[in-house]
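The sequence shown maps to residues 0 to 766 in numbering that gives the first Met the number 0. Notes to accompany the following structure.
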Amino acid sequence: MSDSAVRPCRPGALQLRICQLLALRPTLSSLNITQAQLDDVPDAVLDYYAEQLIDFFCSSEPESRWRQLAQRLAHSLRQSMNTEAQDVIQAVLDYPDSGMRSNALGAQAPKVYVVRRQGCHALGIVRGETMWVYTLGQALEPVDATAKEQLLKGAVELEDDVFEGWALAALDGALQRIHASDLEMFPSVEQLDRQLAWATNLSDFFTPTTDKDVLRDELEQQLPDWLRNASSAGRLDYSKLLVAMASLHRRYRGKGLLDDSTEQPALFARCLALQLRRIALESSLRGLAGITQDGYQRLRAAVRTYATDRHVNDLQMVFKPLSDESGYLIGPSQGEAGPWLMYRPGNREPLQQVTSAPETMPTVTDPFAALCKTCGNDPTMAGWAESPLQTLARLRQVGGNLNSCQTGSPTEAWRSEVSLLRNLALLLVCRGTAHASEAVATHLRLTWMDAEWAGACPSFSLRQQQRLERYKRSPRVKRSPTWGERIMEGIDRGLHLLSGVLIFNKDENSFNVFSKNRFNVVLNLNVVEHQVGKNSDDQVHTGPYIKRMKDDSWAFSRSPRLKRDAQGLSVNAEKAMKRASSLSAEATVLLTELARPNELPVEIEECFERKALELEAAIAAIERYTKVRSTQASIEMIARLRRQADELRASGRAQRIEGTRTTPAPTMGDVTYLLAQGVIEIVRINGREEETIGGIKDYLQEYEVQDRTNNAKPLWYAHFHYSTREAADDGPTLAHLKTAAQRAWAVSSNGRNARPGEIRLYTAGRS
0 MSDSAVRPCR PGALQLRICQ LLALRPTLSS LNITQAQLDD VPDAVLDYYA
50 EQLIDFFCSS EPESRWRQLA QRLAHSLRQS MNTEAQDVIQ AVLDYPDSGM
100 RSNALGAQAP KVYVVRRQGC HALGIVRGET MWVYTLGQAL EPVDATAKEQ
150 LLKGAVELED DVFEGWALAA LDGALQRIHA SDLEMFPSVE QLDRQLAWAT
200 NLSDFFTPTT DKDVLRDELE QQLPDWLRNA SSAGRLDYSK LLVAMASLHR
250 RYRGKGLLDD STEQPALFAR CLALQLRRIA LESSLRGLAG ITQDGYQRLR
300 AAVRTYATDR HVNDLQMVFK PLSDESGYLI GPSQGEAGPW LMYRPGNREP
350 LQQVTSAPET MPTVTDPFAA LCKTCGNDPT MAGWAESPLQ TLARLRQVGG
400 NLNSCQTGSP TEAWRSEVSL LRNLALLLVC RGTAHASEAV ATHLRLTWMD
450 AEWAGACPSF SLRQQQRLER YKRSPRVKRS PTWGERIMEG IDRGLHLLSG
500 VLIFNKDENS FNVFSKNRFN VVLNLNVVEH QVGKNSDDQV HTGPYIKRMK
550 DDSWAFSRSP RLKRDAQGLS VNAEKAMKRA SSLSAEATVL LTELARPNEL
600 PVEIEECFER KALELEAAIA AIERYTKVRS TQASIEMIAR LRRQADELRA
650 SGRAQRIEGT RTTPAPTMGD VTYLLAQGVI EIVRINGREE ETIGGIKDYL
700 QEYEVQDRTN NAKPLWYAHF HYSTREAADD GPTLAHLKTA AQRAWAVSSN
750 GRNARPGEIR LYTAGRS
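The structure is reproduced here in structure tokens:
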């Protein structure tokens with residue numbers, strides 16, 4: 000284990016419960032987000048994920064997690080209540096709706112805020128000059144006047160249900176971290192999914208612990224693959240199993256299945272139930288013994304403490320002895336469909352899932368009583384039963400953690416094991432990150448959600464009810480002969496139509512409604528939304544959204560909504576803009592600097608081309624992150640970078656051409672380049688002329704390389720030597736490329752320059 004692993008993570012019970020409550024939140028993979036979508040519209044993907052997270056958190060089916068969390072927060076505050084603050088806290092608990100509390104208590108009504116305390120979101124409760132602060136898992140504490148002033152500077156008053164508002168602030172903090180994710184650091188769906196799992200832990204409830212974020216990530220990497228890569232549901236199941244193991248271990252002070260537990264039937268029954276549950280769950284996660292998630296859930300129900308809890312989908316799960324008396328069949332009590340699990344205590348692999356039920360005897364009402372008698376001397380049990388310490392060691396979660404958790408008393412080592420079990424339970428539902436530096440200081444005020452009409456309960460808060468009055472159709476209009484004709488089909492079915500206006504009739508009240516389309520970039524489809532308004536053609540003064548129910552009736556939507564009119568650029572777009580600004584400044588310097596006489600012309604052009612490519616990459620990054628939301632500044636930056644990229648290429652080309660034209664030693668590569676650029680033209684001069692060099696007769700054909708940019712002025716001369724006057728043009732014995740000043744130079748018979756110490760000619764050797 001790494002050195003950092005010697006420090007324990009001591010999770011609080013509240014953090015563990017909250018993380019388990021939200022463990023099944025969506026992932027990019029579960030939403031079927033592809034790598035192509037992430038590459039093409041990354042900000043749209045983050046928005047879509049955030050929207051799905053809000054739906055997961057606030058959906059009332061089967062039960063609102065938002066409401067459950069609010070209830071946990073209220074219960075936690077109740078437990079922290081002390082005598083000194085009892086009246087104030089009881090007032091908040093009795094009237095969580097701030098409007099109702101104010102109406103009931105008047106000037107004595109305490110005000111409640113979300114405040115930042117020790118780096119996390121806390122509840123600030125103020126009455127008169129006195130203020131109390133409650134942070135989850137800590138004691139309720141009074142603060143002095145100076146601290147009160149500091150805390151209230153950035154505080155946000157909770158005007159509706161205070162516990163729902165507190166929970167919503169933590170959710171918005173998660174949304175802020177989602178949109179702060181550096182997509183350049185997490186380019187793949189898998190990498191981003193891991194970071195999003197960390198970002199959505201609702202960590203704003205707890206004091207920031209960057210070291211523990213990193214530690215959790217390190218500890219997770221040490222888990223066996225089958226557990227580390229398990230689904231969210233599988234990790235949650237194992238987390239709950241570990242909590243149950245820790246509770247039992249604590250209750251019986253470390254005694255287990257192999258510690259004379261048969262003398263304590265209750266201990267034996269609970270230990271054996273947990274062992275069977277562990278084996279079935281691990282087998283389902285590892286794909287062993289044919290055990291599926293469905294099979295595990297059936298066994299999980301069958302071993303519950305109370306018979307009234309032993310049901311799956313309204314089917315009672317029971318133990319039936321096998322006809323050969325070798326074990327038990329675990330599954331439905333009657334002849335319903337499988338799967339079933341066979342439990343054979345004498346086998347080293349005691350559980351096996353089957354799809355066809357073998358012959359059995361009648362149901363045993365208390366199988367653990369019989370097992371307690373028969374399993375005490377079972378020699379195979381030691382082969383598959385484990386103590387908590389053995390389980391932790393097998394999952395590679397002991398090492399230094401256990402040493403640092405030791406109590407100093409060998410007889411109470413079980414306390415360390417309980418701590419480690421809970422630590423691992425949290426680890427499975429509260430992901431860490433190796434990139435804790437990506438953490439952002441979240442705002443207390445809702446940044447990414449519009450919660451003006453939101454609530455975890457169907458009914459509006461008092462403040463919301465008062466605001467809703469503005470949107471009701473006037474009594475004069477409502478007393479019209481009809482509230483409109485009910486629409487029977489289409490996207491508006493269930494609403495009413497009156498004089499061409501959509502009408503929402505609810506509880507003897509009537510509201511004007513307008514609908515609008517919103518294009519979902521990720522799903523590539525139009526989403527039609529309906530919203531209450533003062534007038535059907537006024538989309539500025541708007542009320543709550545409404546939604547169609549399964550029976551085509553309509554109801555007010557109580558979920559907060561992702562803000563889609565956020566001003567400015569996303570975090571990733573801002574980073575792209577900052578990078579682009581730096582590159583633009585570098586390009587400006589490059590375009591204005593003096594000539595580079597010591598560099599080859601081709602190297603100069605390549606330098607300018609590299610910078611142009613960097614600018615184009617910056618353009619692509621800005622465009623990638625501004626498909627959903629752009630600004631005038633981002634549009635202007637893209638135009639500037641495009642202009643500079645064009646200027647760089649033009650300048651690089653011009654400098655290469657000029658450097659090539661003025662080179663004192665031209666080559667055939669220079670000729671080829673200038674020809675391709677249309678700068679030169681090659682003209683044949685006269686015919687082949689006889690000459691003698693070094694006593695050898697040959698025939699010279701001269702070509703003039705004319706500069707088309709300078710009135711066809713001769714730039715260079717090309718001399719080709721042939722052995723005969725009739726030799727083919729492509730068969731010279733020697734060739735030279737000369738500047739105008741070198742035109743008359745003689746060349747020796749071996750092709751060398753006739754003037755030692757002068758610049759040598761470009762020469763092609765004899766064939």
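Don't be surprised by glycine CBs; every beta carbon is placed ideally from N, CA and C. Small disclaimer: the values here were computed from a predicted structure and weren't measured.
Item	Value
is_contact[Leu266, chain D] using C-beta, thresh 9 angstroms	The structure shown contains no chain D, having only a single protein chain.
Euclidean distance between Cα positions of Asp371 and Pro264	The displayed chain sequence assigns Cys, not Asp, to residue 371. In a straight line, the C-alpha of Cys371 is about 7 angstroms away from that of Pro264.
Of the listed residues Asp706, Trp715, Ala727, Val704, nearest to Tyr698 (C-alpha basis)	Ala727
Closest by C-alpha distance to Leu420, when choosing among Gln396, Ala196, Ile486	Gln396
Residue nearest to Glu615 in terms of C-alpha spacing, selected from Leu582, Ala632, Leu593, Val627	Leu582
7 angstroms Cβ shell around Phe96 - same chain, five flanking residues per side excluded	It is Asp, not Phe, that sits at residue 96 in the sequence shown. Taken in chain order, the residues that qualify are Asp159, Asp160, Ser460, Leu461.
Test item: CB-CB of Val44 and Ile32 under 9 angstroms	yes
Beta bridge counterpart(s) of Tyr698 as assigned by DSSP	Glu689, Tyr721
Bridge partner(s) assigned by DSSP for Gly123	Tyr112, Val132
Complete alpha helix (DSSP H) runs within the stretch 297-385 (minimum length 4 residues, chain order)	366-373, 380-383
Extent of the continuous alpha helix (DSSP H) run through Phe205	That residue, Phe205, is in no alpha helix (DSSP H); it is neither H nor E in DSSP.
8 angstroms contact criterion, which Ala166 and Leu68 should meet: CB distance rounded	5 angstroms
Residues that DSSP places opposite Ala268 in a beta bridge	None, per the DSSP bridge assignment.
Best match in Val40, Gly289, Ala306 for proximity to Arg628 [C-alpha to C-alpha]	Val40
The stretch 119-129 touching the stretch 90-110, judged by at least three CB pairs closer than 8 angstroms	yes
Pairwise C-alpha distance: Arg578 and Arg834	With the chain covering only 0 through 766, there is no way to say anything about residue 834.
Proximity winner among Ile329, Ile684, Ser580, Val311, relative to Lys319 (alpha-carbon distances)	Ile329
Among Arg641, Thr541, Asp308, nearest to Glu468 - alpha-carbon criterion	Thr541
Delimiting residues of the beta strand (DSSP E) encompassing Ser509	508-519
Inter-stretch contact (C-beta, 8 angstroms, three-pair minimum) for the stretch 55-75 and the stretch 624-644	no
Asp506 classed as buried or exposed, judged by whether at least 16 other C-beta atoms fall within 10 angstroms	exposed
Contact set for Leu561: own chain, Cβ-Cβ below 7 angstroms, skip 5 residues either direction	Asp46, Ala49, Glu50, Ile53, Trp447, Met448
Element boundaries [alpha helix (DSSP H), containing Phe607]	600-624
Opposing strand residues paired with Gln530 [DSSP bridges]	Phe513, Tyr544
Boundaries of the beta strand (DSSP E) in which Phe503 is found, first to last residue	500-505
Residue range of the beta strand (DSSP E) that includes Val142	140-142
Proximity winner among Ser386, Ala301, Asp323, relative to Thr364 (alpha-carbon distances)	Ala301
Supposed close pair Leu321, Pro344 - CB separation, criterion 8 angstroms	Incorrect: roughly 11 angstroms between the Cβ atoms, too far for contact.
Burial state of Gln631 (16 or more Cβ within 10 Å)	exposed
Other residues of its chain near His74: CB distance less than 8 angstroms, five sequence neighbours each side excluded	none
Leu391 and Glu416 closer than 9 angstroms at C-beta	yes
Collapsed DSSP secondary structure at Tyr716 in the structure displayed	strand
Delimiting residues of the alpha helix (DSSP H) encompassing Ala638	631-660
Pairwise C-alpha distance: Ala121 and Arg115	6 angstroms
Residue(s) in a DSSP beta bridge with Leu284	Answer by DSSP bridge pairing: none, since Leu284 is not bridged.
Three-state secondary structure assigned by DSSP to Leu27	coil
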